[in-house]
Amino acid sequence: MYDLNQNKPLYIQLYDAIKHDIVTHQLEKGTKLSSVRKMAVQYAISKNSVSLAYQQLYSEGYIESVPKSGYFVADIVHELTPTALSSPMQETPSEPSIRYDFFPARLSPDTFPLKLWQRLFIKAMKTPLDFGAYTNRQGEEGLRSEIARYLRHSRGVLCDASQIILCAGSSDAMRQIATLFQTHFHEIAVEHPGYPAAGTIFKQYGYAIAPIEVNASGLNIDALEQTTAKMVYITPSHQYPTGVSMPITHRMRLLHWAKREGGVIIEDDYDSELRYQNRPIPALQGLENGANVIYMGTFSKALSPALRVSYIVLPHRYLEAYTTMCQMSHQRCGVALSTQKTLELFMAEGHWERHLRKIRTLNRKKHDLMRNKLKSMLGDQIEIISEGGGLAIIMRPTVAIDLQRLRENALKKGMKLYCASDLYGETWEAIRMGFGGLREEEISDAIELLNTIWIETLAR
Numbered sequence: 226m227y228d229l230n231q232n233k234p235l236y237i238q239l240y241d242a243i244k245h246d247i248v249t250h251q252l253e254k255g256t257k258l259s260s261v262r263k264m265a266v267q268y269a270i271s272k273n274s275v276s277l278a279y280q281q282l283y284s285e286g287y288i289e290s291v292p293k294s295g296y297f298v299a300d301i302v303h304e305l306t307p308t309a310l311s312s313p314m315q316e317t318p319s320e321p322s323i324r325y326d327f328f329p330a331r332l333s334p335d336t337f338p339l340k341l342w343q344r345l346f347i348k349a350m351k352t353p354l355d356f357g358a359y360t361n362r363q364g365e366e367g368l369r370s371e372i373a374r375y376l377r378h379s380r381g382v383l384c385d386a387s388q389i390i391l392c393a394g395s396s397d398a399m400r401q402i403a404t405l406f407q408t409h410f411h412e413i414a415v416e417h418p419g420y421p422a423a424g425t426i427f428k429q430y431g432y433a434i435a436p437i438e439v440n441a442s443g444l445n446i447d448a449l450e451q452t453t454a455k456m457v458y459i460t461p462s463h464q465y466p467t468g469v470s471m472p473i474t475h476r477m478r479l480l481h482w483a484k485r486e487g488g489v490i491i492e493d494d495y496d497s498e499l500r501y502q503n504r505p506i507p508a509l510q511g512l513e514n515g516a517n518v519i520y521m522g523t524f525s526k527a528l529s530p531a532l533r534v535s536y537i538v539l540p541h542r543y544l545e546a547y548t549t550m551c552q553m554s555h556q557r558c559g560v561a562l563s564t565q566k567t568l569e570l571f572m573a574e575g576h577w578e579r580h581l582r583k584i585r586t587l588n589r590k591k592h593d594l595m596r597n598k599l600k601s602m603l604g605d606q607i608e609i610i611s612e613g614g615g616l617a618i619i620m621r622p623t624v625a626i627d628l629q630r631l632r633e634n635a636l637k638k639g640m641k642l643y644c645a646s647d648l649y650g651e652t653w654e655a656i657r658m659g660f661g662g663l664r665e666e667e668i669s670d671a672i673e674l675l676n677t678i679w680i681e682t683l684a685r
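Our numbering puts the sequence shown at residues 226 to 685.
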């Protein structure tokens, strides 16, 4: 038994304890760890805390994930030094000295409708709820109906409530899809550059990854057709990270490819609500009958990433297989019942669409302010390669500047920058400038400081 009473987050305490047992060989190679649920019950902590600890151990190579079996202690070849053992994982919140954090996927805290959410939460808790039973595997029907209604009229998605599957974040959604099709497909094509987690997750589940270049029209379909992949993951409405939108001709080609090959398209519509220059492009899923498209959406970009609510729209023909998969793996919806019921009221009473109008207007102002300020301060020293949507602008230097040194110099002055090379290697030199987490009044001062740091970095 571990003593989880220290004055730091529970998931870090659990991580430290398990790591210590692994490196001191108290947990031997191949030992199976308790399931997330069992560990949570044993220590009276949340499943989320256990999952975070396991994910950190997995990312550092201390444990291995075996699909449908669980986590096992990895083979640690090299002995760790006493120094390593005495250096437990540290929390990594934004540094207290950071004034301007350009994290590309953050919302400003003051945009969340906290008082309204609290009122709706209380209202939801006063309705008859069965906390003595497991929730619906796919999520509560009321919320699924609201999501289906919203998707039909806002994104043109052809679906009903029976096709909606609620997930605890986009990574959870991809894991469920990967598990569902494990015996059908052995290879998946992904955009390059693209969303890194997609390739990582499918690779963990045994899929071969076929990276497909992105051009001015999005995923290169000619290149896709040269592969043996029958499944493809794409972000066609606002390609991550380039911002390219796939034109209708390419969308139809992709749909015809899936129909011809008996394939599946995973359409991740991750930030469709946040378009600032043009009307949102209708979803690929709704262009035909949706039979070959699995649609993914999330509330993380426009409402709150902390709620961990995403969803899948699964074609009717796969619903029976999904139910069987859940029964065999004892899988249940990972979104808290209280969150589901509160969000259902939030949507049913019209607050979601009012919130979207507000957040879209606010972020459009931030987006335009940052873009204009970058152009006025840095001029032809940069090229803006992704704009018009989402929570970040991506800029590429057109002059010879050491971006790593720029980032280091910025950090010394209380500014946190994010280089695209961290995700895609040195071949993609760019900076991801997130504006969602900054207040409107901070942006001008932040870009002026960046300009000063830029000049100093060039001079050295």
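Every residue, glycine too, gets a C-beta built ideally from N, C-alpha and C.
Beta-carbon proximity of residue 368 to residue 391, cut-off 8 Å: The count along the sequence shown starts at 1 and reaches residue 368 at position 143. The count along the sequence shown starts at 1 and reaches residue 391 at position 166. Going by C-beta atoms, residue 368 is nearer than 8 Å to residue 391.
Cβ neighbours of residue 457 in the same chain (closer than 6 Å, five flanking residues each side left out): Start at 1 with the first residue of the sequence shown, and residue 457 comes out as number 232. These residues qualify, in order along the chain: 414, 490.
Beta-carbon proximity list for residue 691, same chain, < 6 Å, skipping 5 on both sides: The requested residue 691 does not occur in the structure, where the chain is confined to residues 226 to 685.
Assigned exposure category for residue 303 - 16 Cβ within 10 Å defines buried: Here residue 303 corresponds to residue number 78 of the sequence shown, with the count starting at 1. Residue confidence for residue 303 is low, a pLDDT of 43 falling below 50, so the modelled location carries little weight; the figure read from the coordinates is stated next. So residue 303 counts as exposed.
Distance, residue 388 Cα to residue 649 Cα: Taking the first residue of the sequence shown as position 1, residue 649 is located at position 424. Taking the first residue of the sequence shown as position 1, residue 388 is located at position 163. Those two C-alpha atoms are separated by around 34 Å.
When 669, 545, 603, 602 are compared against residue 363, the one with the closest alpha-carbon: Stepping through the sequence shown from its first residue, residue 363 is reached at position 138. Nearest C-alpha to residue 363: 545.
Alpha helix (DSSP H) segments (min. 4 residues) lying fully within the segment 561 to 616: 562 to 573, 576 to 603
Three-state secondary structure (DSSP) of residue 478: Within the sequence shown, the letter at position 253 stands for residue 478. The answer is helix: DSSP assigns residue 478 an H, G or I state.
Chain B within 8 Å of residue 496, Cβ atoms only: Here chain B cannot be found, since the structure has a single protein chain.
Inter-residue spacing [alpha-carbon to alpha-carbon] between residue 625 and residue 295: In the sequence shown, the residue the question calls residue 625 occupies position 400. In the sequence shown, the residue the question calls residue 295 occupies position 70. For residue 625 and residue 295, the distance between alpha carbons rounds to 48 Å.
6 Å CB neighbourhood of residue 278 in its chain, flanking five on each side removed: Position 53 of the sequence shown, counted from the first residue, corresponds to residue 278. The answer, listed in chain order, is 236, 239, 240.
Top-ranked residue by Cα proximity to residue 611, from 562, 329, 371: By one-based count along the sequence shown, residue 611 stands at place 386. If we check each option's Cα against that of residue 611, 329 comes out closest.
Segment contact flag, the segment 395 to 404 with the segment 523 to 539, C-beta cutoff 8 Å, min 3 pairs: yes
Exposure label - residue 617; buried when at least 16 CB within 10 Å: Counting from 1 along the sequence shown, the entry for residue 617 is found at position 392. So residue 617 counts as buried.
Length at least 3, wholly inside the segment 429 to 515: the beta strand (DSSP E) runs in chain order: 433 to 440, 456 to 459, 489 to 493
Backbone secondary structure at residue 391 - three-state DSSP: Position 166 of the sequence shown, counted from the start, is the residue given in the question as residue 391. Three-state result, residue 391: strand.
Best match in 272, 495, 264 for proximity to residue 525 [C-alpha to C-alpha]: Here residue 525 refers to the residue found at position 300 when the sequence shown is read from its first residue. Residue 525 has its Cα closest to that of 495, out of 272, 495, 264.
Rounded straight-line distance, which links the Cα of residue 281 to that of residue 418: By 1-based counting over the sequence shown, the position of residue 418 is 193. By 1-based counting over the sequence shown, the position of residue 281 is 56. Residue 418 and residue 281: Cα-Cα distance of roughly 25 Å.
Test item: CB-CB of residue 493 and residue 420 under 8 Å: Locating residue 493 in the sequence shown gives position 268, counting from the first residue. Locating residue 420 in the sequence shown gives position 195, counting from the first residue. Yes, Cβ-Cβ distance for residue 493 and residue 420 is below 8 Å.
Inter-residue Cα distance where the pair is residue 253 and residue 247: Residue 253 sits at position 28 when you count from the first residue of the sequence shown. Residue 247 sits at position 22 when you count from the first residue of the sequence shown. If I take the Cα positions, the gap works out to 7 Å.
Reduced DSSP secondary structure (H/G/I, E/B, other) of residue 307: Translated into the one-based positions of the sequence shown, residue 307 becomes position 82. For residue 307, the pLDDT reaches just 40, beneath the cut-off of 50, and the residue's location in the model is therefore unreliable, leaving the point undetermined.
Outcome for residue 306 when other beta-carbon atoms lying within 10 angstroms are tallied against a minimum of 16: Here residue 306 refers to the residue found at position 81 when the sequence shown is read from its first residue. For residue 306, the predicted structure reports a pLDDT of 40, less than 50, and the residue's modelled location is therefore unreliable. A value from the coordinates is still provided. Classification for residue 306: exposed.
Beta-carbon spacing of residue 531, residue 499 below 8 Å: Residue numbering aside, residue 531 sits at position 306 when the sequence shown is read from its first letter. Residue numbering aside, residue 499 sits at position 274 when the sequence shown is read from its first letter. No. Outside cutoff.
Contact belief for residue 671 with residue 640 at Cβ below 8 Å, rounded distance in angstroms: The residue labelled residue 671 in the question sits at position 446 within the sequence shown. The residue labelled residue 640 in the question sits at position 415 within the sequence shown. Yes, residue 671 and residue 640 are in contact; Cβ-Cβ is about 7 Å, under 8 Å.
Reference residue 376, options 633, 653, 663, 522, closest by Cα: In the sequence shown, counting from the first residue as 1, residue 376 sits at position 151. Ranking the options by Cα distance to residue 376, first place goes to 522.
Sub-8 Å separation of residue 511 and residue 383 beta-carbons: Position 286 of the sequence shown, counted from the start, is the residue given in the question as residue 511. Position 158 of the sequence shown, counted from the start, is the residue given in the question as residue 383. Going by C-beta atoms, residue 511 is nearer than 8 Å to residue 383.
Beta carbon of residue 660 nearer than 8 Å to that of residue 591: By one-based count along the sequence shown, residue 660 stands at place 435. By one-based count along the sequence shown, residue 591 stands at place 366. Against a cut-off of 8 Å, the Cβ pair of residue 591 and residue 660 comes out as a contact.
CB contact flag (residue 514, residue 488, <8 Å): For the purposes of this step, residue 514 is identified with residue 289 of the sequence shown, where counting begins at 1. For the purposes of this step, residue 488 is identified with residue 263 of the sequence shown, where counting begins at 1. No, the Cβ-Cβ distance between residue 514 and residue 488 is not below 8 Å.
Simplified DSSP state of residue 296, which is helix, strand or coil: As a working mapping, residue 296 is identified with position 71 in the sequence shown. Reduced to three states, the DSSP call for residue 296 is strand.
Euclidean distance between Cα positions of residue 292 and residue 583: In the sequence shown, residue 292 corresponds to position 67, counting from 1. In the sequence shown, residue 583 corresponds to position 358, counting from 1. Their backbone Cα atoms lie some 42 Å apart in a straight line.
Residues that residue 326 bridges to, as DSSP identifies them: To locate residue 326, count along the sequence shown from 1; it is residue 101. Answer is 641, bridged to residue 326.
Assigned exposure category for residue 350 - 16 Cβ within 10 Å defines buried: What you label residue 350 is simply residue 125 of the sequence shown in a count that begins at 1. Residue 350 is exposed by the Cβ-count criterion.
Opening and closing residue of the alpha helix (DSSP H) in which residue 331 lies: One-based indexing of the sequence shown puts residue 331 at position 106. No alpha helix (DSSP H) contains residue 331, which DSSP labels as neither H nor E.
Within 8 Å, strictly: CB atoms of residue 606 and residue 623: Taking the first residue of the sequence shown as 1, we reach residue 606 at position 381. Taking the first residue of the sequence shown as 1, we reach residue 623 at position 398. Yes. Within cutoff.
Of the residues 233, 632, 461, 448, the one placed nearest residue 679, counting alpha carbons only: Start at 1 with the first residue of the sequence shown, and residue 679 comes out as number 454. Checking every option, the nearest Cα to that of residue 679 belongs to 632.
Range covered by the alpha helix (DSSP H) that runs through residue 649: Start at 1 with the first residue of the sequence shown, and residue 649 comes out as number 424. Per DSSP, residue 649 belongs to the alpha helix (DSSP H) from 646 to 649.
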